[in-house]
Amino acid sequence: MAKRSGRKRSSSASAQKKIISLIAGLLVIAAVVIFGGAELGGFGGSTPLAPLITDEHAFSMHVIDIGQGDAILLSKDGTYALVDAGETMSPSAREARSAIFAYLDSLGVKKLEFLLLTHQDYDHIGSAKDILATYDVGVVYDNGVEHTSATYENLLQYISDKKICYTIVREGDQITSPWNGVTIEILSPPQDLIMAGSSPDINENSIVLDVTYKTVSFILTGDAGKKAEAYILSAGKTVDAEILKAGHHGSSTASTDAFLKAVSPNVIVMSLGAGNDYGHPHFETLTRFAKYTDHIYRTDLDGDVVVTTDGSAYSVVTRNEHVKENMLVSGNGVRV
Ligand SMILES: [Zn+2]
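Residues are numbered in the working numbering as their position in the sequence shown, beginning at 1, plus a constant of 991.
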């Protein structure tokens, strides 16, 4: 059963919402909503957000607000890794690039244990080369799909020139976790890839990850859509997770009912830009999300979103004030 308490608004104009969900056993969920007087940041804030969970070994997923794209920092014990390094074309690529760098700098990141690129689209790899040039990166993980964009080819050339460790991973392959107690499992793409006609589908072959710290699991999906979700379910993988980084920026091409039912997330986070050209998040997708949870977060409204867990409890902190009523308004302005 669920119990909720402590829901009140602080008098601070720059109130920041923090949610902590405490899981005790399998069925009892207590959620406490606390408003604090945190500073409001702009696009890609430069002040670290303080997690509500202060366990010294806590694991965090930072969904950085870079506009339309993905850049997700994983951290534990002062050690970091990055999933995607996107860069938007609008409002401007430079702004998005600055957002990632400002965020990493704010945490004092010097080294990334790995940079995992979910797939080859610009909004996921646009800053990857600059990340490699700026930080000491242990290994680059990629799905190895052949792609001929200049950005991707330049990136591969740079990796080769600088002799950076580069590993292709697909379902069944192992990623060594840099963190004690954290496991990383690759759920997709399949070894023989998902095809669109005679060539591999770029979005559907996104690397999908299950990152688990003790009893709390995160699913990260890149831009994987319905075909990838169907593959993952057909492979019989356990995808039950507390936190879902929703596929493809809240597009209706992803997040099927069957997949959401299997994941049964308590927290859903979307990474997308305000006023994007695609109408993300799509109305149909938000309608499906609303059936599974009311803890929905999106970077276009919340700014940076940080989910932190000590392995049993987890909390969500947002850069901007989290206005729950606005989460279910689609990119076209239609409210669920
Ligand atoms: Zn994308």
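All residues carry an ideal CB built from backbone N, CA and C; glycine is no exception.
Here the structure is a predicted model, which is why all the values come from computation and not from measurement.
Ligand 1 heavy atoms versus the CB of residue i: any closer than 8 Å?
i, result
"Gly1058", "no"
"His1239", "yes"
"Asp1192", "no"
"Gly1077", "yes"
"Gly1216", "no"
"Gly1117", "no"
"Gly1213", "yes"
"Asp1328", "Since the first residue of the chain shown is 992 and the last is 1327, residue 1328 is not available in this structure."
At what residues does the beta strand (DSSP E) containing residue i begin and finish?
i, result
"Tyr1204", "Val1199 to Tyr1204"
"Arg1279", "No beta strand (DSSP E) holds Arg1279; the alpha helix (DSSP H) holding it covers Phe1274 to Tyr1283."
"Ile1063", "Ile1063 to Lys1067"
"Ile1175", "Val1173 to Ser1179"
"Ile1210", "Val1207 to Leu1211"
"Thr1299", "Val1296 to Thr1300"
"Ala1072", "Thr1070 to Val1074"
"Thr1309", "Tyr1305 to Thr1309"
Identify the continuous alpha helix (DSSP H) that holds residue i and give its terminal residues.
i, result
"Val1254", "Asp1248 to Val1254"
"Ser1225", "Lys1217 to Ser1225"
"Asp1293", "Thr1290 to Asp1293"
"His1115", "Tyr1113 to Ile1116"
"Glu1144", "Ala1141 to Asp1152"
"Ile1159", "Not the alpha helix (DSSP H): Ile1159 falls in the beta strand (DSSP E), residues Tyr1157 to Ile1159."
"Ile1234", "From DSSP, Ile1234 is part of no alpha helix (DSSP H) but of the beta strand (DSSP E) over Ile1234 to Lys1236."
"Asp1231", "Where Asp1231 is concerned, there is no enclosing alpha helix (DSSP H), given that its DSSP letter is neither H nor E."
"Leu1123", "Ala1119 to Thr1125"
Going by alpha carbons, who is nearest to residue i out of the options?
i, options, result
"Arg1310", "Ala1090, Thr1109, His1048 and Gly1077", "Ala1090"
"Ile1150", "Glu1176, Val1130 and Thr1070", "Val1130"
"Gly1270", "Ile1198, Phe1280, Ile1234 and Ser1243", "Ser1243"
"Pro1191", "Thr1139, Ala1124 and Thr1300", "Thr1139"
"Thr1284", "Ala1232, Gly1324, Asp1268 and Asp1295", "Ala1232"
"Asp1295", "Ile1057, Leu1184, Asp1046 and Ala1304", "Ile1057"
"Ala1049", "Leu1098, Glu1312, Ser1321 and Thr1300", "Thr1300"
"Asp1114", "Arg1326, Asn1267 and Gly1322", "Asn1267"
"Lys1282", "Arg1088, Thr1142, Leu1251 and Tyr1143", "Leu1251"
"Asn1134", "Gln1148, Asn1194 and Glu1047", "Asn1194"
"Phe1105", "Gly1117, Tyr1126 and Asp1112", "Tyr1126"
Which whole-angstrom value is the C-beta distance of residue i and residue j, which I expect to be below 8 Å?
i, j, result
"Ile1223", "Ser1179", "5 Å"
"Val1160", "Tyr1132", "5 Å"
"Ile1259", "Leu1235", "5 Å"
"Tyr1071", "Leu1107", "The pair is not a contact, with the Cβ atoms about 12 Å apart (cut-off 8 Å)."
"Ser1321", "His1273", "6 Å"
"His1110", "Gly1227", "Going by Cβ atoms, the distance from His1110 to Gly1227 rounds to 24 Å, so no, they are not a contact pair."
Going by the DSSP bridge assignment, what does residue i pair with across the sheet?
i, result
"Arg1088", "Looking at the DSSP assignment, Arg1088 forms no beta bridge with any residue, so it has no partner."
"Phe1105", "DSSP, once it has assigned bridges, lists no residue as partnering Phe1105."
"His1053", "Leu1064 and Val1297"
"Ile1287", "Ile1259"
"Tyr1132", "Leu1107 and Thr1158"
Does ligand 3 have a heavy atom nearer than 8 Å to the CB of residue i?
i, result
"Asp1114", "As for ligand 3, it is missing from this structure, which binds only ligand 1."
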